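Protein chains in written order, with my numbering: chain A, 1 to 224; chain B, 1 to 83. Structure first, commentary second.
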């Protein structure tokens, strides 16, 4: 996969912060749009602004989507949940990593959460891992576009283009499996969740075709 | 602004005791996620120290077949690569 630029990583961090703000325990394409807007310094943000999308409006729109049940409602974080049982998650994480090493803990996390044919005693996610990224298709499309354009790394513009492409492309059937359904259910996502960036941009009155073209034009500018 | 929403969530978690199924059940699910990882860590550690499946199973309170079925196979690739 093509590497992410520093700017794109910053946008992803901001998107995580936005997800946190809504009490969402995952990162979806809808948060990516908010992250781009909150960063505000990329060509992608300029394009969104030109289409009349502001951070405030987008936040309000996502709030309405949550009320309509298209995305998850606010949920307490794992640290808070475990805190209510009297478990200090940070202390526990530190102690386990000290005792076994970060590499072994990482291995155990993968082992406990990986998809298995029989699903024997396994969990869709664990508090010892960051909230899951539900943007595999966005990253895939962004990487493909980067390859087409001959770009060395994926920037915020390509991420936004990935979001737009993701909205227009149906998810492959392999994405609809039991493990993923379990994961979505454990995050409080509605059945058949495929990212809510489409409804979000539709609520904001954005024409996807024109947005895609504008991002393409912006990318042409960046390339030259 | 980011702090307001997350502190609201904290208050929700703090104000409602585990009497509330919403919080109580989610807390149990989080705990289960924790337990699975810790179990994998401990079993892997015990195997690396030369414990038999029977010994591990006795401590976990399950049959040796159960723990073998769950943890044997290609999973211990992590340690093998290290050696």
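We treat Cβ as the ideally placed atom computed from N, Cα and C, and that holds for glycine. Because the structure is a prediction, the values reported are computed rather than measured.
Would you give the residue range spanned by the alpha helix (DSSP H) that residue i belongs to?
{"i": "residue 147 of chain A", "result": "136-149"}
{"i": "residue 21 of chain B", "result": "21-48"}
{"i": "residue 100 of chain A", "result": "89-100"}
{"i": "residue 83 of chain A", "result": "78-84"}
{"i": "residue 67 of chain B", "result": "64-71"}
Where residue i and residue j are concerned, what is the direct C-alpha to C-alpha distance, given to the nearest angstrom?
{"i": "residue 47 of chain A", "j": "residue 139 of chain A", "result": "19 Å"}
{"i": "residue 36 of chain B", "j": "residue 167 of chain A", "result": "35 Å"}
{"i": "residue 195 of chain A", "j": "residue 28 of chain A", "result": "6 Å"}
{"i": "residue 55 of chain A", "j": "residue 173 of chain A", "result": "33 Å"}
{"i": "residue 164 of chain A", "j": "residue 59 of chain B", "result": "52 Å"}
{"i": "residue 3 of chain B", "j": "residue 216 of chain A", "result": "Confidence at residue 3 of chain B is low in this model, with a pLDDT of 46, below 50, so its placement is unreliable and no value can be given for it."}
{"i": "residue 128 of chain A", "j": "residue 99 of chain A", "result": "15 Å"}
{"i": "residue 36 of chain A", "j": "residue 11 of chain A", "result": "6 Å"}
{"i": "residue 57 of chain B", "j": "residue 39 of chain B", "result": "11 Å"}
{"i": "residue 3 of chain A", "j": "residue 85 of chain A", "result": "40 Å"}
{"i": "residue 75 of chain A", "j": "residue 33 of chain A", "result": "21 Å"}
{"i": "residue 144 of chain A", "j": "residue 52 of chain B", "result": "48 Å"}
{"i": "residue 130 of chain A", "j": "residue 65 of chain B", "result": "33 Å"}
{"i": "residue 16 of chain B", "j": "residue 24 of chain B", "result": "Annotation note: pLDDT 49 at residue 16 of chain B (below 50); position unreliable, coordinate value reported separately. So the alpha carbons of these two residues sit roughly 9 Å apart."}
{"i": "residue 181 of chain A", "j": "residue 193 of chain A", "result": "9 Å"}
{"i": "residue 44 of chain A", "j": "residue 187 of chain A", "result": "29 Å"}
{"i": "residue 220 of chain A", "j": "residue 197 of chain A", "result": "24 Å"}
{"i": "residue 161 of chain A", "j": "residue 191 of chain A", "result": "26 Å"}
{"i": "residue 96 of chain A", "j": "residue 89 of chain A", "result": "11 Å"}
{"i": "residue 77 of chain B", "j": "residue 94 of chain A", "result": "Residue placement at residue 77 of chain B is flagged as unreliable, the pLDDT there being 48, under the threshold of 50; the coordinate-derived value follows with that caveat. Going from the Cα of residue 77 of chain B to the Cα of residue 94 of chain A covers about 24 Å."}
{"i": "residue 30 of chain A", "j": "residue 205 of chain A", "result": "15 Å"}
{"i": "residue 47 of chain B", "j": "residue 106 of chain A", "result": "17 Å"}
{"i": "residue 68 of chain B", "j": "residue 209 of chain A", "result": "54 Å"}
{"i": "residue 207 of chain A", "j": "residue 185 of chain A", "result": "31 Å"}
{"i": "residue 92 of chain A", "j": "residue 218 of chain A", "result": "46 Å"}
Determine whether the beta carbon atoms of residue i and residue j lie at a separation below 8 Å.
{"i": "residue 115 of chain A", "j": "residue 179 of chain A", "result": "yes"}
{"i": "residue 159 of chain A", "j": "residue 8 of chain A", "result": "yes"}
{"i": "residue 70 of chain A", "j": "residue 39 of chain A", "result": "no"}
{"i": "residue 42 of chain A", "j": "residue 157 of chain A", "result": "yes"}
{"i": "residue 72 of chain B", "j": "residue 81 of chain A", "result": "no"}
{"i": "residue 66 of chain A", "j": "residue 22 of chain A", "result": "yes"}
{"i": "residue 44 of chain B", "j": "residue 104 of chain A", "result": "yes"}
{"i": "residue 126 of chain A", "j": "residue 33 of chain B", "result": "yes"}
{"i": "residue 58 of chain A", "j": "residue 189 of chain A", "result": "no"}
{"i": "residue 108 of chain A", "j": "residue 41 of chain B", "result": "yes"}
{"i": "residue 64 of chain A", "j": "residue 169 of chain A", "result": "no"}
Does DSSP put residue i in a helix, in a strand, or in coil?
{"i": "residue 11 of chain A", "result": "helix"}
{"i": "residue 204 of chain A", "result": "coil"}
{"i": "residue 71 of chain A", "result": "coil"}
{"i": "residue 154 of chain A", "result": "strand"}
{"i": "residue 4 of chain A", "result": "strand"}
{"i": "residue 55 of chain A", "result": "helix"}
{"i": "residue 32 of chain A", "result": "helix"}
{"i": "residue 271 of chain A", "result": "Summary: the structure shown does not reach residue 271 of chain A, with chain A confined to residues 1 through 224, and so no result is reported for it."}
{"i": "residue 133 of chain A", "result": "strand"}
{"i": "residue 183 of chain A", "result": "helix"}
{"i": "residue 48 of chain A", "result": "helix"}
{"i": "residue 27 of chain A", "result": "strand"}
{"i": "residue 53 of chain B", "result": "helix"}
{"i": "residue 18 of chain A", "result": "helix"}
{"i": "residue 211 of chain A", "result": "helix"}
{"i": "residue 188 of chain A", "result": "coil"}
{"i": "residue 115 of chain A", "result": "coil"}
Residue i and residue j look like a contact to me (Cβ under 8 Å); what is the Cβ gap, rounded to whole Å?
{"i": "residue 24 of chain A", "j": "residue 72 of chain A", "result": "6 Å"}
{"i": "residue 136 of chain A", "j": "residue 183 of chain A", "result": "So it is not a contact: roughly 12 Å between Cβ atoms."}
{"i": "residue 26 of chain A", "j": "residue 19 of chain A", "result": "7 Å"}
{"i": "residue 5 of chain A", "j": "residue 155 of chain A", "result": "5 Å"}
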